[in-house]
Amino acid sequence: MSQTTSSTPSSSQKPGRRHKKYRRRPRQTQAHKGATQNNQHNPKTWRLEEFQVPEVAGKLRFHDFDLPLSLMRAICEQGFTYCTPIQAQSLKYTLHGLDLIGKAQTGTGKTAAFLISILAYFLEEEAPDGQKNAAPRALIIAPTRELVLQIAKDAMALARYTQLNVVPIVGGMDYQKQRQQLGRGKVDILVATPGRLLDFHNKRDLDLREVEVLVLDEADRMLDMGFIPDVKRIIRATPRKEDRQTLLYSATFTQDILNLSEQWTWQPKRVEIATELKTSANIEQHAFLVSDHEKLKLLVNIIKGWDLHKVMVFTNRRDITRQVFEQLKAAGVNAAMLSGEVEQKKRVATLERFRDGDIDILVATDVAGRGLHIDDISHVVNYTLPEDPEDYVHRIGRTGRASSLGTSISFVGEEDAFCLPAIEAYIGARLPCVYPPEDVLERPPQTNTEETSFVNTLCAAAVIAETAETAETAETAETAETAETAETAETAETAETAETAETAETAEQAVETLIDTTASFKAEAEAEAEAEAEAEAEAEAEAEAEAEKLPHVYADSKTVETETETETETETETETETETETETETETETETETETETETENSMNSTVSAQAKI
């Protein structure tokens, strides 16, 4: 169902309105006759007869708009046949140069709707004389880098057989290179994020005074992200609204959006595409009850056990995105991440690799993943449920596109359960939560026993590492035991993973979350051993030094003692010998009272001898 207001343009025009905007009727004979049009790139090699689409009641074909031949050729190559509701309702106004505000969700074809309108106009109306470099004729503003690059890619595909120039500019990429690209030649279509666009305008590297068509895509998202002040400054630099065509698209028509559209558009036509179901019938939705610490194991088991490829995993925060990505890589999964912390060049390269099938699993945040158009995504996994129910629809909408079947899997943990009622109310359907199948709760089938053991060790270690981050002390007995186990697992895995560099890198990442704890225990043990060794060495050295200084040495002693010890032992010997003499005298007196004079003398001689020794 669609809602529109007003009718086709009348002959009366508001003073100051560009007259050519009302002359933007598609040329009736160009597409059918195959005539060469301005700015076309050799369209004669292709004929419209090669693009046959039968008429169907209630559906509009692109043939019905008599579009330029070069544009029809690109539409044919893109596989477009019948117009989507937003395309059918929009093109009948925008091709005539009228302003429009459209309500449509992501994935409804609105991007192609405004791009086809712009390209058809530029192919029929030459650029004004004296068009300067870095002075775009059409300006498209979108809230995120990924969406900007996606729109630019779609525009280039549709402009493939023309000489029209499409340039994207986004933050996070080299400013000077983008500046050189803008100044290299005439810019027909400029696609940009608000922040980087304002940078170029403030530095006078961009001239917006010649903008003929202004497109604001996902205006509600720009409002939520706080971009509206920047957008207002940008729009003030363009011609007044009576002298340009303005197209505004939003997923919702809140009062704020309607107020903004009133400021920025001139007598707009309003098109509202109401979808009965917020989620596609092509998407099979599942919700698994799982504790937070079991999510990683469940994700790894689902990916490996079900042999999934081309899967998007969504999280709520950047730190969770990185954590899941690193743990998937450590488990041997071919994964990549997409979030705001990744530099723009790497994000672009990652998207292309995922699109080409070189990456199996893409872990992303909502902002980074919104607006992506990637074919053949089989599964979408909500690792954490979004707080905004609309984000749930955008997430699972990455699969089940273009009449293909898709599957969404949501992990419902302790915190996620609070988001579930709002999501069910928004989509108008219940999401029955069930426990995961037994086959994904157990170990996934592996060809290598040690690899299987390593994956399970990793899952357990990841939970302990996450708990240790919030603990007040990391030197508990449980942490020590975990570190010892992780160290053993690392040693065992290293023996196998040394065969290839790629596997070695995986093993290194697998224990990254525990490496600090393990290293700490190793360092403490080594430090204690070294300290004890040094203390013993110092004690021995001091003893030897003191021994060399002593002047007295016992004749029968094998070790050197201090002077104090020598004197003490000498006194002890004296006392012992004295006691011996006394005992001898006592025994002599007991045996006989009449000792010979000789024995007395001998006893006295012994005493004298002992004293002489002293």
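What the sequence shown shows, in UniProt numbering, is residues 1 to 614, in sequence order. No residue lacks a Cβ here, since even glycine has one placed at the ideal position from N, Cα and C.
Start and end residues, alpha helix (DSSP H) containing residue i
i, result
"THR111", "110–124"
"VAL231", "228–236"
"GLN87", "85–94"
"LYS203", "Per DSSP, LYS203 belongs to no alpha helix (DSSP H) and is neither H nor E."
"residue 678", "Limits of the chain in this structure are 1 at one end and 614 at the other, which puts residue 678 out of reach."
"MET222", "219–224"
"ASP376", "Here ASP376 belongs to no alpha helix (DSSP H), and DSSP marks it neither H nor E."
"PRO389", "389–396"
"ASP319", "318–330"
"THR350", "344–356"
"ALA74", "69–77"
"ASN301", "295–305"
"ARG179", "175–183"
"VAL440", "438–441"
Buried or exposed by the 16-neighbour rule on C-beta atoms within 10 Å, applied to residue i
i, result
"CYS459", "With a pLDDT of 43 at CYS459, under the threshold of 50, the modelled position of that residue is not reliable, and the figure given next carries that caveat. The residue is buried, with at least 16 neighbouring Cβ atoms inside 10 Å."
"PHE80", "buried"
"GLN323", "buried"
"ASP416", "buried"
"GLY357", "exposed"
"ARG317", "exposed"
"THR491", "The pLDDT assigned to THR491 is 42, lower than 50, so where the model puts this residue is not dependable; a value taken from the coordinates is nonetheless given after this. Under this definition THR491 is an exposed residue."
"THR252", "exposed"
"PHE418", "exposed"
"GLY185", "exposed"
"GLU530", "exposed"
"ASP307", "exposed"
"ASP375", "exposed"
"THR162", "buried"
"LYS177", "exposed"
"PRO143", "buried"
Residue span of the beta strand (DSSP E) that contains residue i, given as start and end
i, result
"GLN245", "245–250"
"ASN382", "379–382"
"LEU216", "213–216"
"MET312", "311–314"
Inter-residue Cα distance where the pair is residue i and residue j
i, j, result
"GLU538", "LYS346", "56 Å"
"GLU284", "PHE65", "36 Å"
"VAL187", "HIS293", "52 Å"
"GLN272", "GLY305", "In the sequence as presented, Gln is not what sits at residue 272; that position holds Glu. Spanning the two alpha carbons is a distance of roughly 43 Å."
"LYS232", "ARG395", "29 Å"
"LEU67", "ALA120", "7 Å"
"LYS132", "ARG236", "20 Å"
"SER291", "GLU218", "35 Å"
"LEU182", "LEU158", "20 Å"
"LYS295", "LYS103", "37 Å"
"VAL148", "LEU216", "11 Å"
"THR193", "PHE314", "23 Å"
"ALA152", "THR111", "10 Å"
"HIS201", "PRO268", "27 Å"
"THR365", "ILE228", "22 Å"
"ASP220", "ALA425", "21 Å"
"ASN382", "TYR392", "8 Å"
"PRO389", "ALA422", "6 Å"
Same chain only: Cβ atoms within 6 Å of residue i, ignoring 5 sequence neighbours per side
i, result
"LEU139", "LEU190, VAL211 and LEU214"
"PHE354", "LEU362"
"ARG160", "ALA74"
"ALA287", "SER410, VAL412, LEU431 and CYS433"
"VAL300", "ALA331"
"LEU405", "ASN282"
"PRO128", "none"
For residue i: DSSP bridge partner residues
i, result
"LEU190", "LEU139 and VAL167"
"ILE427", "According to DSSP, which records beta bridges pairwise, ILE427 is partnered with nothing at all."
"GLN285", "SER408"
"CYS433", "ALA287"
"ALA336", "LEU362"
"TYR82", "ARG61"
"PHE51", "DSSP, once it has assigned bridges, lists no residue as partnering PHE51."
Proximity test, residue i beta-carbon vs the ligand SAH heavy atom, cut-off 7 Å
i, result
"ASP207", "This structure lacks the ligand SAH; in fact it carries no ligand of any kind."
Cβ neighbours of residue i in the same chain (closer than 8 Å, five flanking residues each side left out)
i, result
"THR350", "ALA336, MET337, LEU338, VAL342, ILE359 and LEU362"
"HIS309", "GLY357, ASP360 and SER378"
"LEU298", "PHE288, VAL290, PHE411, PRO436, VAL440 and LEU441"
Chain-order list of residues whose beta-carbon lies under 7 Å from that of residue i (same chain, five-residue window excluded)
i, result
"TRP46", "ARG73"
"ALA113", "ILE86, GLN87, SER90 and LEU91"
"THR399", "ILE283, ILE377, SER378, HIS379, VAL380, GLY406, THR407 and SER408"
"GLY172", "ARG145, GLU343 and GLN344"
"LEU198", "ASP230, ARG233 and ILE234"
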